[in-house]
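Numbering (the working numbering), first residue to last: 1 to 382. What follows is a single structure, written as structure tokens, with notes after it.
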Ligand code: GLA
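Written out as structure tokens, the structure is:
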């Protein structure tokens, strides 16, 4: 957790609203493996990290509510009985969406003021959106005694994303951000929404992120298209979700789907299996196998699921050239954001330097390197 972030929102809150706020920290996440499997009822392997959103929130007695995005220096006043989505891409949709979804559950939220600030770069594939949604629902639950469980809170965050932000996301991001455990990754079954925590100690290896600093504007619609393709294939197969399909099942409908969609479904089935194998590899401390699975995941995301981009592929190729990197892949929804690299600790910095230099030469722009710590989920800061 970043203490500076928390202090910043606290200070601004007291200056602006002349009262002590409740303070929340809500983390972003990484994902070791299991990409685009969550909305197919499959397995994922995320962990909350030490970067995220700090929020200061308190009841308001002025007859309306205010939200301030400190990073953007942007303020919005609103009335709780007149909520509707703002224009696409507006940050306030995350706040409005959460409030509206709480109201949909017949829970009463009173007027409030909120100030938040984050240190996850937007579009990094590290779920700054889920972190924000969770901070809002967590804060409001506490302030207005709504009695929501963490499970209910993440479903509210997810629905906010569907109905106000317009991304038909799965549950991975909200889950990891809310339920994160220090030093652990969560092997989450997205059908039962239950996870098994794995203590992550790769001894002389670590996870390092490299951000392409690219976000392609079509990523939201491309994401929703992928989800619809998976759902229509499940329907053809007569199953609830691709989690229930084998490669042999998929073969039986090969004539009924486009080759492109066939590859997408095949990717999901294979990625789900890889995620289960990855859990076993971690149990066995078999980092070579884990690394190979991570590389295979990228290959599938790039060539079958088609959610990578030139910059991500380039960084993964850089990793493949370095024998100290056991595995690398794009992370999150795709079309930009970070790669996650499983790399020898003593060689991580050297690899990052070489990759960053090559990246600059090739694209004439900078990538950013993050070393992360696996951390606790959304919580109150005392
Ligand atoms: C985004 C979504 C998640 C998940 C990933 C891809 O982060 O919000 O639900 O689908 O993409 O694994």
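Using N, Cα and C, we set each Cβ at its ideal position, and we do this for glycine too. What you are looking at is a predicted structure, and each value in this text was computed from that prediction instead of being measured.
Check whether the Cβ atoms of residue i and residue j lie closer than 9 Å to each other.
| i | j | result |
| --- | --- | --- |
| residue 44 | residue 162 | no |
| residue 140 | residue 102 | yes |
| residue 285 | residue 176 | no |
| residue 305 | residue 262 | no |
| residue 215 | residue 122 | yes |
| residue 180 | residue 120 | no |
| residue 50 | residue 2 | yes |
| residue 166 | residue 332 | no |
| residue 312 | residue 291 | no |
| residue 25 | residue 47 | no |
| residue 111 | residue 168 | no |
| residue 417 | residue 116 | One cannot answer for residue 417 here, as it falls past the ends of the chain, which runs 1 to 382. |
| residue 271 | residue 35 | yes |
| residue 130 | residue 149 | no |
| residue 319 | residue 363 | no |
| residue 70 | residue 8 | yes |
| residue 245 | residue 269 | yes |
| residue 94 | residue 227 | no |
| residue 355 | residue 366 | no |
| residue 196 | residue 279 | yes |
| residue 96 | residue 206 | no |
If we ignore side chains and look at the alpha-carbon of each, how far apart do residue i and residue j end up?
| i | j | result |
| --- | --- | --- |
| residue 282 | residue 11 | 43 Å |
| residue 339 | residue 62 | 46 Å |
| residue 380 | residue 6 | 11 Å |
| residue 258 | residue 33 | 27 Å |
| residue 136 | residue 255 | 47 Å |
| residue 114 | residue 21 | 9 Å |
| residue 92 | residue 160 | 11 Å |
| residue 204 | residue 344 | 6 Å |
| residue 297 | residue 17 | 48 Å |
| residue 74 | residue 23 | 20 Å |
According to DSSP, simplified to helix, strand and coil, what is residue i?
| i | result |
| --- | --- |
| residue 329 | strand |
| residue 373 | coil |
| residue 11 | helix |
| residue 135 | helix |
| residue 211 | strand |
| residue 58 | strand |
| residue 294 | helix |
| residue 49 | strand |
| residue 378 | coil |
| residue 142 | helix |
| residue 324 | coil |
| residue 162 | helix |
| residue 85 | coil |
| residue 206 | strand |
| residue 335 | coil |
| residue 239 | coil |
| residue 31 | strand |
| residue 341 | strand |
| residue 66 | strand |
| residue 19 | coil |
| residue 264 | helix |
Report, in whole angstroms, the separation of the C-beta atoms of residue i and residue j, which I expect to be a contact under 8 Å.
| i | j | result |
| --- | --- | --- |
| residue 328 | residue 295 | 7 Å |
| residue 143 | residue 59 | 6 Å |
| residue 374 | residue 185 | 6 Å |
| residue 384 | residue 265 | Since the displayed the chain opens at 1 and closes at 382, residue 384 lies outside it and no answer follows. |
| residue 316 | residue 222 | At roughly 19 Å, the Cβ-Cβ gap does not stay under 8 Å, so residue 316 and residue 222 are not in contact. |
| residue 109 | residue 80 | 6 Å |
Is residue i a contact residue of ligand 1, with contact defined as CB to any heavy atom under 8 Å?
| i | result |
| --- | --- |
| residue 267 | no |
| residue 37 | yes |
| residue 230 | no |
| residue 9 | no |
| residue 99 | no |
| residue 327 | no |
| residue 28 | no |
| residue 308 | no |
| residue 161 | yes |
| residue 276 | no |
| residue 222 | no |
| residue 172 | yes |
| residue 338 | no |
| residue 299 | no |
| residue 130 | yes |
| residue 367 | no |
| residue 122 | no |
| residue 134 | no |
| residue 234 | no |
| residue 141 | no |
| residue 167 | yes |
Looking at the C-beta of residue i, does it have a partner C-beta in chain D at a distance below 9 Å?
| i | result |
| --- | --- |
| residue 343 | Given the protein chain composition of this structure (a single chain), no chain D is represented. |
What do you reckon, is the C-beta of residue i under 8 Å from a heavy atom of ligand 3?
| i | result |
| --- | --- |
| residue 177 | Ligands in the displayed structure: ligand 1; ligand 3 is not one of them. |
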